[in-house]
Each structure stands twice: as structure tokens, then as C-alpha cells.
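Please read the structure below before turning to the comments.
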Amino acid sequence: MDPVLSIKDLRVSFRTPAGTVQAVRGVSLDVQPGELVGIVGESGSGKSVSFLSIMGLLPDTATVTGSAVVAGTEMIGVRADQVRSQRGKKIAMIFQDPLSALNPVHRIGAQIVEMIQAHQDVSREAAHSRAVELLDLVGLPQPDVRAKQYPHEFSGGMRQRVMIAMAIANDPDVLIADEPTTALDVTVQAQILEVIENVRQQLRTAVVFITHDLGVVARIADRVEVMYAGNTAERGLVNDIFAAPNHPYTRGLLSSLPSANRERLKPIIGAPPNMISPPSGCAFRARCEHATDACASAGTALVRVGATETSCIRASELQGSRQ
Amino acid sequence: MLRYALRRAVWLLPTLILVTFLVYVALRLGTDPLASYRRTNIRVSKKKVDEYIAANGLYSGAFGYVRGYFQWLWGFITLDWPRSIKGSREVWPHLKDALANSIRLGLVASMVGILVGNAFGVLAALRPGRLRDTLVNSGALVGLAVPPFVSALLLQLLFAVYWQKWFGYALFPVSGVYPPGHQGFDLFLMIKHMALPVVVVAIQSIAVYSRYMRASLLDVLNSEYMRTARSKGISERRVLVHHALRNALIPVTTLAFLDVGAVVGGLIITEGLFEYPGMGRFFLVAYGNGDFPELMPWMVVIIGSVVTFNLLADIAYAKLDPRIRLG
Amino acid sequence: MRKIRKSTRLAGGLLGSVLLLAACGGGSDSASDTTAADGGGASGDAAMTITYDIADEAVWEDGSPITVADFQCTLDAIMKTTGSISTSGYDKITSVEAGDSDKQVVVKFSELYAPYKGLFGGLIKKAAVANCADISGDFGTSFNYSGTEWKMESWSADQVVYVPNDKYWGPRKVADGLKKLVMVPRPETEITDLKAGSVDFIYPQFYAGITDELADPNVKTVLNYGGDYEALYMNLGVDGKNTTAEGEKTRVFADAKVREAFYKSIDLEALFKQIYIPIAADATLLTCGPMIPGQYCPEGIFGNKYDQKAADGLMKDAGYEKNAEGLWAKDGVAPKIEWVINTGNVRRESTQAYLIPLLKKAGFNVVAYNCDAECYFQKRLPGMDYDLAMYISTAPPDPAYLVPSFTSDNIPTEANNQKGQNFQGWANETATKALHDSDKEVDDAKRTELIKTAIVEMDKDHILIPLFQFPKSGAYRTDRVDNVEGELNNYAAFNDTYQWKDLDGDGQIVIGAEQWPGCLNPVTECANSSWYVWTVANVLMPGAYRTTNDGKYVVTELLKSEPKVETK
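Residue numbers (the working numbering), protein chains in the order written: chain A, 1 to 323; chain B, 324 to 650; chain C, 651 to 1218.
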């Protein structure tokens, strides 16, 4: 099957007064239809920036190179209106903070109608009844009443449902969910995850789920992409990653996760590198207890080790030393 | 909304009564109308003074003020206004002229300021940090920093004094509402005479609105829902107008309403600089004469306008921003 | 610049007006009884009788003749209107009656009244007012009559428009082609207006630098030394003290020795060089007292008396000793000398800045006690809440104006119902008698001597320090008007507008007024402004006498001839 989203060597940099920030440094990724891929990493790892760049939502200060094809349409390095015509139609996005992601002065229904009418030649009335259906689909009670209300009349979880309804309004091939549950209560998180899962099931939409929360990924993702310092550190099926991580960073993430059979959390020491002048070789080596001199000249290519693909050059030697 | 407006309007009345009462007390204490009357009528007999007190409700004591206020209020409502102390003239004809002059000048200047200022603000906010933003920003700073008497002086020098020297006539007059000797209405002459004062006032309000709009719009442009709007794939124009401007206009509109409400107060400095017979001059003269019967209606007009436009600003704010719940 | 001009102007305006009143009737309210002038009365033994013969052809603007009834109405209005600002002179009139016809007016006085030429300077038309005995409600929005070459077409807060009075009978016919005389209030913009060509003539109060500001090829500025003079005045208090808003204050200047010592501690020549020479290079120190040079000015008084040693001696005689700070102190207290000027007046502020340190060095504890013009001229000065004051006055041609300001019965107190303008509290018997006598002396030479006597007393008592005769300035556009300089020095400005030439041929001449009276009543407080007299009363009201440019009274075309004055 052809991937519905195919990213090749994506690079994003920002001009800042302090220098050029290399936020994404050559990411490649394929997403299959209906697949749910979890993108995991710390803040600043380039996970959000990668997908905002594909959406064409980065500010003017960003330079984007590489390729990202969404359902047959190239999104990088093409005219702005070509990107715009796909945005919201083939690829849609929901954001981290539902409280501020909706325009406070427009009614919920109108905001969804706007999304529909941007890409479909339908009447206002038709678009509105479609909006009500969508709100029903994401599990909003009394959708016809709610459609006439304003964002401030909704709770955070409800607003995120609205965002999802809006994002899927044009039945997109890819749905980018940028930390959609981070700002929500734990109980609400679960409901939102359920809605996303439902949407995927019902509409066969591929979902890219960006998060720093491995627990969430474990619950819903098919595959996991671990990002560090603008590169993919490790990728694999969710079970493989959790069962046998090959990159020391992935292992670090996993051991910092609360778990019933572990007494203490073990945080990753140190901070992510400065991306204005990122270190050569393996970017993680400064924080890595297994780093050797060879890591300083390591490439970013992924190598299959066991069940996953990893960029760590010592992955195979370290396989045995797992604690 | 309507219910809210009605309820506020109902409150308007007690507010007006309370505020005008306070003003009544303050003005009576501050101008001492009886003293002004005695000063103007130095040989007045005790009997005449008593008559004047009774006719104008200038009783003393706390109760006397309350009683005097209601007497004044009744006279005011029934259009039986006391005559001015100096010159014993009817107050309304003069006040009406001053009011019309000030409203005309103030409204035109405000409109120019609001339209041009907001346009500049939008231009600046759309390209923050770029040349046109810098131009608008520094222009606004200069506009705010230059006091009206400086801009008035420069304009008068250029368009009147030097124009007269170079071409033998003044392009724009420096003073008055009409040329000396003119009588009756003439739109063209009126506009000509308003040109320079309008520019002087507009410079300030353009500066204020461009900065205000710029800040407001920048705030909106940096908000998350703008990213959401763009992610929908709608045109940039729609993003800016429907999402950005619509939100950025909320605080600006409120400010505009308050500004327009203050127009009737006149512009004491600018009216002076152009010998423009508006409400500012009216006040200065009345205050100089300690003329209580002239000052009270002036105050009422201003209070009424400010209170009304405050209400309108609130309603407009609520109309524009659904988060504001009126109740 | 603007601000300075304004305050200077106000100062002159407010005080000037006090004195200015004489043009229309006398300097002050010296009426003891408002009903004194009730018509009829005992006329057989009048101390003075004046007979005015009204010109046969003299008519009002509607063609009706001007008669004795109008004289009677004028007297009534001035004496009985509650807000009448000045009754002096009129209060001595016992009757106004018709003589041979209603064109002959016989006025009888209870006592001699020397400055009678100031009486009936502006007639009130009987038919124009509802009730001559109270005209305070008349003249609300228009001045509805005229007995001169002009009549009022319209009046508002923006402008007053005069047109020629076609019923006018006299020789002052309005020049051909001049159809309108317009006066507009331009207190802030008069100079700009003149340069921009929107007004043709302005009459600004003089200040340093005005000639530079007026420099323009089409503008001509004329300076003339008129009746304005500036002086320093000392407050003697009433019995040495005053009750003020801040409580009772004792007046250090109540002591004549202190006043003399103070006078002698100031080097007037140096002060003059510092303050006035930069304003007008050809200026000389004024030495006439409250008076401009002329027939009433005594020789060899006032002037620079700077003598620090003599001053020290006087202070010691007065019982003062220098304290640790070098200030004159009595019983351990160095009394404060509060010097009031109006804030914003740069000339006066510079004078303070120059003199206060010098006076402190000389031992006087002088402090600035300044406030804005309104507070200064309407509160502090009339309330006698100051020790030292500095202001400009405008003197009319007749010295009668000295009476209300320098006689002891015109010190405003509770006892005399706050009557009079002797705000210095100067009670000098010789001067008071001389001034009151001068009011009753018809012989000019004898009257001059009486006035001089009073002024010499002022010098002896050191109650004021005359400084400077202030120039009057007029400016006009040479491309618009001509023949406007004739009456610049006249106490009644714009007296000759009928013969002004309208050069640009638009048929109107525009005068930019520095102040606007704001109301039109000729006997109430409205008339308490020199600009009212210039822009309204003088333009419209016929009178017995008018002033000339060289400070004399001449009989007008209203009368057939000089009135006949008979005394007992």
C-alpha cells in the first residue's frame, strides 16, 4: 500500500537573533493509511515543528527543505496556495491547548462550517448540519444546541472534541494531533484518546500523534517514532519499542516512566543540546552513559537492531548489557 | 442584550442624578454663585439677594444643597434655566453653538484619527519589526510627543502665514469658525476653518489608535486560534479579516466609543490655539466668571454624554465579545 | 511666549479696567446711598449746575431725537441698576431736568464735582430698555441702539459686526466704501491672524519681543507711550493687619520707616537696566507715582533712592536688629514679606528672581507669594492678602481715578461694606483731603496742585515704587488698511474707525480683539473690561465728551456747544 504521508529528509531551521536554529535535521517517515503513529520526544526535539512545517504553518523565519507528500501532493517547496488548498482537506491538525485554539468570538458551528466551506462547495445550511453531525460523531451531547454556542461555554475536553470534529470535517487522509491531551485532566485525556481512536476506526484516517507521554503512546499507537535533537533516534512497532528499546535515549525515556514494578523513577540526566550549534555525531552522547569516542562521528542513519530501527551505533553491542 | 441595555439605561438615571448632584455641590462650593452674583451686582439689596437665593435655590446647609439641587433639576428639566450671572444672558443659545462647534470638530477629528490610526496600526502589525512598522511606530511616537501647540503653530505658519507671504492668500485660516464678517451657514468655509484644528487633534488620535491597534492586533496574531484558522486552509485575507481584525477591534472599539463620548467636552487646548468657540472655551470663560448657571448645563451635557457612551461602549464590547456576559 | 502674553494682558486688563471706568462715569463706587439721585429734589440751591444743549439734529439710529429723557434714563440706570459698577459722580447729581426744551438738559449737583467731563460719556436710550431703573436684564444678546456713526448688526461669542448708521447726523461719517467694521476675539492668535491676513488691525498689550514677532513686510507696528504704568505697591494693612484665608496677618509695611528702608534698599537704576531696558531701549524710569508724565506729575520725587546705610539706620530706628541669618528681626522674629505676582508673567518672575536675593542680602525676608492672574487680581489684591504687589495700571486722562485708590475712606473694610479700591490700606489725611478736594475743584490750576499734593504724600510715605511707563502697541496690515494710527494713544482705543481706510476694497475692516467682553450691558460688570469699552460702548453710545489722543476731553457732536457750568 502507498503511504498516505511520506516524509523524506525533512529539514527545518529558524533564523533568530542568536543564530540559526536547526530544529529538524533530516527526518524521513512514512505513514500508512489508517495507521496511528506516535511521535515521542522532549520539547525542542523537533517533533511539532516537523509537522507544522508540512502544514505550512511555520512563521516566515523558518526555512524548510526536503519533501513531504500527502496523499500524492507535495507540501514542501511549493506555492503557498497549493499547500493551503490541501491544508484542512487532506491533512488536518489539532493542537495542544484547546482553550486558546478556538476563536473566542465565533460560534462553534460557524468555525466548523468555515472549515467545511473552505474546501467543499456546499451551502451554509448543509455545512451546518454536517457540523452538527461531526459534533455528534466526536461525542458532544446535544450537538445542535452546542453548535450555536461560543468556545468559552465549553470545557477543555469538550473544546478538544470540537477541534477534532473540525479537523475531520473534510475527511482528511492524515490527522496530526499535536499533544492533544497534554493540557487536559487525566480522565478527560482518556476520553479524547477514545475519540481519536474512534475517528481512526470509522474514517480510516491516518493519525500522527505527537506527545512526550510514552504512556499515551503505549495505549493507542501502532508504531512509535522517537525523536531527539531534530532526528529520529529510534522507530519500531509500539510493542517492540516498549519491550526491547535499542537506543539509550528510548531506554532513558522508558525508565523515567512510572511503573508498578519499579521502585524509583530514573530521570535522564542533563539537558537537550543547543540546536544553534548542535553537536556532531550522536546528539545524545553528552547525556549517554554508554558514549564512546566513536559516537562523536556517528551518522544519523537508522540501522535495524533486533525488532527496531535505531541511530545508535552501539545498539548491537549494548543489546546484551540491558539491565 | 436588549434587556441589559434597558436595565443599564434604567440605572443611567440614578447615576446621572447622583453625579450631577455631586457636581452641583462641588460647583456651588467651588464657584460660590452667590458671591459671583454679589460681585456682579455690587450694590444689590438684601431683599434682592434673598430673591436671587430663592429663585435659584442657593440655600445653605446640607439640606439646602439637596433642596437647591432638586430645584435646579426641576428648572433644568422644564427648560427654565437660570440666566448667566455675567451679562444676564440665556445659557442655551450660547451652549448650543459651542456644543455644535465642538461636536463637529471632535467627531471629524475622531473619525479621521480612528480610521487612519487603525489603518496604520494594521499595516504596522502585519509586518512587525519591518520598515513600515518602524515608520508607524516612530511616527506615532513623534505624534504623541509633539504637543498640540507646536503642531498648531507649525501648521499655522506654513498654511497661513507663509502661504500669505508667498501667494498672497492664506490656504487655511488660523482661527474662528467662519471668516470675520461672515454670517449664516457655508459648508465650504466651515470645512476650511476646521481643517487645521482637525489635523492637530487627529495627529494625536492617529498616534494613539495606531499604537493601540498595532498592540491589539499583534496580540491577536500571536494567539493560537490564528494558527487554527490558518490550518483550515482558508484564504489569508479571510484569516486576517474574519479572525484577526474581528478580535483586534474589540478593545479599539471600546476606546473609540469612550473617545467619541468625550467629544462634547471640547478641546480646551486646541480650541484655544485656533480661537475655536467650542465647549472648551465655553467652560474656560464660564469658569473664569464663576458663572454657575452656565457651568451646570455644561457639566450635565458632558456627564450625560460620557455616561451614555460608556454604556454604549459596554454594549458594543459585549456585542463584539461573546465572552462578556451582560447581566 | 503665548502664556506670558496672556498673563500680562490679563493683569493690565483687570486692573486697567478698574481705572478705565472713569471714561464712562468715574473711578469707583463712592455712592453712600443708592437713592441719593432720585429725580426732582431740592434744586434751588445746587452747588453746581451744568446745562447741556443737545444738538437739534442729534437722533438715535431709528431717527427719534436724543433728548433729556435719555439723560435721565442714563442717570437712573447707573444709580439704580443693582449691578451698576460705578456711580461715582452721578451720586452727586440731585436732578436732571429739561430746560427750555427737551433738547436742553439741566443737571444739578449737591456739591462741586470737578471731573464732570467724565459724566454722561455714554447715553442709555430710554426707548431701548424696559425700565431705566433696572437695566441688568437688558442687552442680553444685542446692543439694540446707537447714537454714533456705527450701529451693531450682530453680536456673538465669535464676532461683532458694525455697519454705518445712516441716521447719524454728525461730522464723523464713515469713510466711503467701508461697509462693515468687524471685531473678532483673537486672544491667542492675533499675531498669526494679522500675518495670515485674516485680521487687519490688532491692539496687543506690549511685551518684550512683540516687534520681532510682528516683523512682516506687510505689517506695520506702532509704539506709543500711553497711560499704562507698572509699579511695586506695598500693603499697609488696616491698622497694620489683614484677615486673610490663612488667618490674620500683620503687615510689616504698616511702619513708615520700614517702607522707606525697603524703598532705599532697592537700586532702581540697576533694576531698570536689568528688566526694562531689554524691553524698550529708550525707556526711562517713571518718577510720577501712580501717574504718567504730564501736568499732574510733580517734579523731583520718587526715583532711585538707593542708600543702604540710610536703610539700615531706618530699620534700627524702627526697632529691628539683624538676626543670625542676617535678616531684620523684631522681638526675635524676621517678618515675612509676601510678594505677589501672577505666575507665568516672565517679566515679573524675572524681577522677583533678580530682587529677592538682593533684598535678602539687605535683610528683608522677601518670599514669592505668586498665583495665577485670576487669583491675584480677584482674590489676593482685593482681599489685601499680600505685602508687596507688582502690576500694571491704565490711567485715564483725568486724575480723578486716584480718588478711589488712594483715599482713606476707600479702604475696603467690613465697616464700609468693602467699598473702594484702596487695596494698600493707605490712610493719609493730607492726601485724602487733597484728593477729595480735587474732585470738587473746577479750577484746573488749583486742581493740579491738589493732585500733586496727594502724589507728594505718596512719595513721603513710600507706599509705592513707580517703575515704568508701558508702551501701547498697535499693528496693522499696510496692504489692507490705512489711516489707522491717529488715535492709537487714545484712552478710548479705536475712536476714529470711521475714517479708517479700507485699502483692499472688500468693504470691511477687521480688528482682532485681545479680550472679549462676553456680554453687552453698559452699566453692569460687563463694562468692567477695557475691551468692552473699546469694542462696544465707545462704538455705539453717544456722550457729552470724548477723549483725545493727547489725553484731553473734548465736547462731542451730541452737544451744540461746551456745556455751561455754574457754581455757587
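Each residue gets a CB set at the ideal place from its N, CA and C atoms; glycine is no exception.
Since the structure is predicted, the reported quantities are computational estimates derived from the model, not experimental observations.
Range of the contiguous beta strand (DSSP E) that encloses C/ASP878 = 869-884
Contact set between A/GLY336 and chain B, taken where Cβ atoms lie within less than 8 Å | Outside the shown range of chain A, which is 1 to 323, sits residue 336 of chain A, and nothing can be said about it.
Given 8 Å, three or more beta-carbon pairs between the stretch 333-346 of chain B and the stretch 619-628 of chain B = yes
For A/ARG15, decide whether its Cβ has a neighbour in chain B, counting only Cβ atoms nearer than 8 Å.
-> no
Can you say whether C/TYR879 is buried or exposed, counting buried as having 16 or more other CB atoms within 10 angstroms of its CB?
-> buried
Express the C-alpha separation of C/LYS1069 and C/ARG655 in angstroms, rounding to a whole number.
-> Low confidence applies to C/ARG655: its pLDDT is 33, below 50, so where it sits in the model is not reliable, and the reading given next is rough at best. In a straight line, the C-alpha of C/ARG655 is about 31 Å away from that of C/LYS1069.
Could you tell me whether the Cβ of B/GLU413 comes closer than 8 Å to any Cβ of chain C?
-> yes
Can you give me, in chain order, the residues of the stretch 541-552 of chain B that have a beta carbon less than 7 Å from any beta carbon in chain A?
-> SER546, GLU547, TYR548, ARG550, THR551, ALA552
Residue range of the alpha helix (DSSP H) that B/ALA447 falls in?
-> 414-449
C/VAL811 by DSSP, collapsed to three states: which one?
-> strand
Beta carbon of C/PRO616, beta carbon of C/GLU1164: below 8 Å?
-> Because chain C here runs from 651 to 1218, residue 616 of chain C falls outside it and cannot be looked at.
Does the beta carbon of B/ILE557 sit closer than 8 Å to a beta carbon anywhere in chain A?
-> yes
Rounded distance between the beta-carbons of B/ILE626 and B/ALA414, thought under 8 Å | The sequence as given places Val at residue 414 of chain B; Ala does not occur at that position. At roughly 16 Å, the Cβ-Cβ gap does not stay under 8 Å, so B/VAL414 and B/ILE626 are not in contact.
Compare the C-beta of B/ASP644 with all C-beta atoms of chain A and state if any pair is closer than 8 Å.
-> yes
Is it a yes or a no for the stretch 770-780 of chain C touching the stretch 712-727 of chain C, going by three-plus beta-carbon pairs under 8 Å?
-> yes
Neighbour flag for C/CYS1169 against chain B, beta carbons, 8 Å | yes
Have a look at A/LYS266, A/THR310, A/ALA221 and flag the residue whose alpha-carbon is nearest the alpha-carbon of A/ILE39.
-> A/ALA221
Minimum Cβ-Cβ distance from C/ARG836 to chain B less than 8 Å = yes
Is C/VAL1160 near C/VAL849, with beta carbons less than 8 Å apart?
-> yes
With 8 Å as the threshold, decide whether the Cβ of B/SER539 is near any Cβ in chain A.
-> no
For chain C, is any of its Cβ atoms less than 8 Å away from the one on B/VAL523?
-> no
Considering B/GLN394, what are the terminal residues of the alpha helix (DSSP H) in which it resides?
-> 384-400
For B/LEU336, collect the residues of the same chain with a Cβ closer than 6 Å to its Cβ; drop the 5 residues on either side in sequence, then sort them by chain order.
-> none
Chain B residues whose Cβ lies nearer than 7 Å to that of A/MET55 | SER554
Answer yes or no: does any C-beta atom of chain B fall closer than 8 Å to that of C/VAL1215?
-> no
Candidates C/ASP981, C/SER1043, C/VAL996: which alpha carbon is nearest C/TYR883's?
-> C/SER1043
With C-beta atoms as the reference, is A/VAL12 less than 8 Å away from A/ALA62?
-> yes
Closest to C/ILE987 by CA distance: which of C/LYS1218, C/ARG901, C/ALA961 is it?
-> C/ARG901
So what does DSSP say about A/VAL12, is it helix, strand or coil?
-> strand
May I ask you to report which of helix, strand or coil DSSP gives C/MET1034?
-> coil
Can you have a look at B/ARG351 and say buried or exposed, based on whether 16 or more other CB atoms are within 10 angstroms of its CB?
-> buried
Neighbour-count burial assignment, B/ASN570, 16 or more Cβ in a 10 Å radius | buried
Can you list, in chain order, the residues of its chain whose CB lies under 8 Å from that of A/LEU140, leaving out five sequence neighbours each side?
-> ARG146, MET158, ARG161, VAL162, ALA165
Could you name the residues of the same chain whose beta carbon sits closer than 6 Å to that of C/ALA909, not counting the 5 residues immediately before and after it, in chain order?
-> The question names Ala, but residue 909 of chain C in the sequence shown is Arg. Once the five neighbours on either side are set aside, the close Cβ partners of C/ARG909 are MET884, PHE903, HIS1112.
Note down the Cα distance separating A/MET93 from A/ILE176, rounded to an integer number of angstroms.
-> 4 Å
List the residues of chain B that C/GLU1024 touches, going by C-beta distances under 8 Å, in chain order.
-> GLY611
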